[in-house]
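Asker: Shown below is the structure under consideration.
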Amino acid sequence: MAAELYPIEGNFVQGKLLQINQNQITLQTTSGKQSFPADETIRVNLGNHSLPRPNEGLIVLANDDRIHAKLLRSEDETILIRLVSYPEVGELKVPLETIQAVYFQWPSMQQGRSQFIKKIARIEKKSDLFYLKNGDFLEGEFLGFNASTFRFESRAGETAIPRRGIRFFCFNPELINFPQPDQLHYQIELSDGTRLTASSLTIVKKMAKIKTLFGAEIQIELNQLNSIVPLDGKVIYLSQLKPTAYEFTPFFSQQWGWNRNRNVLSGPLIVGGKEFAFGIGMHSAAELSYDLDGKYVRFQTEVGIDDATNGAGNVEVAILVDRRIVFQKTIRGSKQQAVVVPRIDLTGAKELVLKVDFGKNADIQDHVNWCRPVLILKK
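Here the sequence shown stands for residues 1 to 379, where the numbers follow full-length UniProt numbering.
Right, dumping it as structure tokens:
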């Protein structure tokens, strides 16, 4: 299948992805070779065949990257892994200080996966936590594991238990030290759902060379990539920004907040069976406001009811620019694809508001996802 490149201006472009070099993306189109600056590209969909999600281990990094991997052992403040779907890549080392959570056997069902993502998002304890398969959890300090044994320090001293008894574990968030890039970088999704953020990306002769933020360098065939998203160029995801105000009006008394890159339940953003890495989760009735300060020229997004509602939910959504409604629609939760909002002109605009109001079913299951909401900076 042809790749689809979405530039900040104009319609998407189809063609064969030839290379990415020095932050220039080159496609072979029907009209010849075309190059696009990566910092002026919203995303590239490769159109490659997706693989089933592996039922092995999963590492969730501090920046929410997710790596499907066989977890081999810990060694020298790292965890050694092998990518389940791409064994030719070889062993990789992931520093402990970059990891949020580790799951030894990723659930095969979406419900189990969502429950895990929700659980780690809500953890507040300032220690390492070890969740057992019997439902209990222990606190302490992670020491290490190998193929058979898991070790940690607790009030009872050093403890070793069979690795098979551990479902997953989370690291103390106060000890996380994840690299923060200050220049253009990329989020890459592989064909098995693995998400990696790369400080640099080069694609030449159908091979991708990826330097990850956690330090590993990976070479992988281009046909194993699903999508490429340049970050911190002219495209700013709304979820990267801090809102100026959040207003919530309950239907009865239950209060709901909002979430960044999560649905309102703290689970993954999934609409119509499709998971989105970037977005905002809200609930009726609420308004989320952002100060634009005239810095942006356009806004675009998709919006839908999260699949966690199992087809329920009915809301009125609106987008306001400087208190003027520029988009309004009724959204129903029937596991439909997210609605693509037409591009919205922001020239000179000072404020953007995302609004979710009650629909015909009061506030029942009104879990709204704003998916891939992006602002385009002025040149």
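Each residue gets a CB set at the ideal place from its N, CA and C atoms; glycine is no exception. Since this is a predicted model, take the numbers as computed values, not measurements.
1) Can you list, in chain order, the residues of its chain with a C-beta nearer than 7 Å to that of T244? Leave out the 5 residues immediately preceding and following it.
2) Taking one C-beta from the segment 17–35 and one from the segment 143–159 each time, how about it: are there three or more such pairs within less than 8 Å?
3) Between L354 and V229, what straight-line distance do the alpha-carbon atoms span, to the nearest angstrom?
4) Would you identify the three-state DSSP class for D307, choosing helix, strand or coil?
5) Quick check on S50: does DSSP put it in helix, strand or coil?
6) For the beta strand (DSSP E) that A362 lies in, which residues bound it at each end?
7) Indicate whether the contact test is met: 3 or more Cβ pairs, each with one atom in the segment 292–302 and one in the segment 257–270, closer than 8 Å.
8) Ignoring anything shorter than 3 residues, give me the beta strand (DSSP E) runs that lie fully in the segment 150–232, in order along the chain.
9) List the DSSP bridge partners of E316.
10) Helix, strand or coil for A3 per DSSP?
11) If distances are taken between C-alpha atoms only, which option among F327, F358, A208, E351 comes closest to V89?
12) With a threshold of 6 Å on Cβ separation, who are the neighbours of E217 within its own chain once the five nearest residues in sequence on each side are excluded?
13) Is N261 near the ligand NAP, in the sense that its beta carbon is under 7 Å from a heavy atom of that ligand?
14) Compute the Euclidean distance between the alpha carbons of Q365 and Q328, then round it to the nearest angstrom.
15) P52: buried (16+ other C-beta within 10 angstroms of its C-beta) or exposed?
16) Going by the beta-carbon positions, is the gap between R262 and A121 smaller than 8 Å?
17) Which class does Y87 belong to by DSSP, given the choice of helix, strand or coil?
18) Helix, strand or coil for K33? Go by DSSP, reduced to three states.
19) Leaving aside the five residues before and after L196 along the sequence, list all residues of the same chain whose C-beta is less than 6 Å from its C-beta, in chain order.
20) Tell me whether D322 sits in a helix, a strand or coil according to DSSP, three-state version.
21) Go through its chain and collect everything with a Cβ distance to F178's Cβ below 6 Å, but skip five positions before and after it.
22) Given this structure, state the Cα-to-Cα distance separating V341 from E91, to the nearest angstrom.
23) Is S253 near F358, with beta carbons less than 8 Å apart?
24) Tell me whether the beta-carbon of A3 lies closer than 8 Å to the beta-carbon of L184.
25) Are there 16 or more other CB atoms within 10 angstroms of the CB of N369, so buried, or fewer, so exposed?
26) Pairing CB atoms from the segment 155–167 with CB atoms from the segment 79–89, are three or more of them under 8 Å?
27) Among the candidates L375, I42, K16, whose CA atom is the shortest distance from the CA of Q240?
28) Closest to E316 by C-alpha separation, out of G333, G281, V356, would be which residue?
29) Nearest to L225 by alpha carbon, out of R323, N361, H49, R73?
30) Looking only at C-alpha atoms, which of R323, V326, D322, I331 sits nearest to N314?
31) I'd like the span of the alpha helix (DSSP H) that includes D274, first residue to last.
32) Quick one, which of V44, P87, R164 has its alpha-carbon nearest Y103's?
33) Residue range of the alpha helix (DSSP H) that R122 falls in?
34) When DSSP builds the beta bridges, which residues end up paired with M109?
35) Which same chain residues, not among the five before or five after A312, have their C-beta less than 7 Å away from its C-beta?
36) Using only alpha-carbon positions, find the residue among A101, W258, V204 that is nearest to T26.
Answerer: Taking the geometry as given:
1) In the sequence shown, the residue the question calls residue 244 occupies position 244. Cβ neighbours of T244 within its own chain (closer than 7 Å, five residues either side excluded): S289, Y290, D291.
2) Cβ pair count under 8 Å is below three, so no.
3) Numbered from 1 along the sequence shown, position 354 holds the residue referred to as residue 354. Numbered from 1 along the sequence shown, position 229 holds the residue referred to as residue 229. Computed Cα separation, rounded: 23 Å.
4) By 1-based counting over the sequence shown, the position of residue 307 is 307. In the structure shown, D307 sits in a helix (DSSP, three-state: H, G or I).
5) By one-based count along the sequence shown, residue 50 stands at place 50. Residue state, collapsed to three classes: coil.
6) Locating residue 362 in the sequence shown gives position 362, where the first residue counts as 1. Per DSSP, A362 lies in no beta strand (DSSP E) and is assigned neither H nor E.
7) Three or more beta-carbon pairs separated by less than 8 Å are not found between the segment 292–302 and the segment 257–270, which leaves the two stretches without contact.
8) Positions of the beta strand (DSSP E) runs, each at least 3 residues long and wholly inside the segment 150–232, are given as 157–162, 166–170, 185–190, 195–204, 207–212, 217–221, 225–231 in order along the chain.
9) As a position in the sequence shown, residue 316 is number 316, starting the count at 1. E316 is bridged to T330, D357.
10) In the sequence shown, residue 3 corresponds to position 3, counting from 1. Three-state result, A3: strand.
11) What you label residue 89 is simply residue 89 of the sequence shown in a count that begins at 1. The shortest C-alpha to C-alpha distance from V89 to any of F327, F358, A208, E351 is the one to A208.
12) Counted from its first residue, the sequence shown places residue 217 at position 217. Excluding positions up to five away in sequence, the list reads K211.
13) For the structure depicted, the ligand NAP is absent and the ligand set is empty, with no information on it obtainable.
14) Position 365 of the sequence shown holds residue 365. Position 328 of the sequence shown holds residue 328. C-alpha separation (whole angstroms): 20 Å.
15) Position 52 of the sequence shown holds residue 52. Counting Cβ neighbours within 10 Å, P52 comes out exposed, since fewer than 16 surround it.
16) Position 262 of the sequence shown, counting from 1, holds the residue named residue 262. Position 121 of the sequence shown, counting from 1, holds the residue named residue 121. At a Cβ-Cβ threshold of 8 Å, R262 and A121 count as neighbours.
17) By 1-based counting over the sequence shown, the position of residue 87 is 87. Looking at the sequence provided, one finds Pro at residue 87 rather than Tyr. Looking at P87 - three-state DSSP - the assignment turns out to be helix.
18) On the sequence shown, position 33 is the one that residue 33 refers to. Annotated three-state conformation of K33 is strand, per DSSP.
19) In the sequence shown, residue 196 corresponds to position 196, counting from 1. Sequence-distant partners of L196 (beyond 5 residues in either direction) whose C-beta falls short of 6 Å from its own C-beta, in its chain, are D65, I188, T212.
20) In the sequence shown, the residue the question calls residue 322 occupies position 322. Correct three-state label for D322: coil.
21) For the purposes of this step, residue 178 is taken as the residue at position 178 of the sequence shown. Within the same chain, F178 has close Cβ partners A62, N63, T98.
22) To locate residue 341, count along the sequence shown from 1; it is residue 341. To locate residue 91, count along the sequence shown from 1; it is residue 91. Distance between the alpha carbons of V341 and E91 is about 43 Å.
23) Against the sequence shown, residue 253 aligns to sequence position 253. Against the sequence shown, residue 358 aligns to sequence position 358. No, they are not a contact pair.
24) For the purposes of this step, residue 3 is identified with residue 3 of the sequence shown, where counting begins at 1. For the purposes of this step, residue 184 is identified with residue 184 of the sequence shown, where counting begins at 1. For the pair A3 and L184, the CB atoms are not nearer than the 8 Å cut-off.
25) Taking the first residue of the sequence shown as position 1, residue 369 is located at position 369. Per the 10 Å Cβ criterion, buried.
26) Flag = no, the segment 155–167 and the segment 79–89 do not touch.
27) Against the sequence shown, residue 240 aligns to sequence position 240. Proximity to Q240 across L375, I42, K16 peaks at L375, based on C-alpha coordinates.
28) For the purposes of this step, residue 316 is identified with residue 316 of the sequence shown, where counting begins at 1. Measuring from the Cα of E316, the nearest candidate turns out to be V356.
29) As a first step, residue 225 is located in the sequence shown; it is residue number 225 there, counting from the start. Relative to L225, the option among R323, N361, H49, R73 whose CA is nearest is H49.
30) On the sequence shown, residue 314 is found 314 positions in, with the first residue counted as 1. Measuring from the Cα of N314, the nearest candidate turns out to be I331.
31) Residue 274 sits at position 274 when you count from the first residue of the sequence shown. Residue identity check: residue 274 is Lys in the sequence provided, not Asp. Per DSSP, K274 lies in no alpha helix (DSSP H); the unbroken beta strand (DSSP E) holding it starts and ends at 274–276.
32) Residue mapping note: residue 103 aligns to position 103 of the sequence shown, counting from 1. Of V44, P87, R164, the residue nearest in Cα terms is R164.
33) Indexing the sequence shown from 1 puts residue 122 at position 122. R122 -> no alpha helix (DSSP H), and no H or E assigned at all.
34) Taking the first residue of the sequence shown as 1, we reach residue 109 at position 109. According to DSSP, residue pairing for M109 in a beta bridge does not occur.
35) By one-based count along the sequence shown, residue 312 stands at place 312. For A312, the CB contacts under 7 Å within the same chain, skipping 5 residues up- and downstream, are G333, I364, Q365 in chain order.
36) Taking the sequence shown and counting its residues from 1, one reaches residue 26 at position 26. Of the listed residues, the one whose Cα sits closest to T26 is V204.
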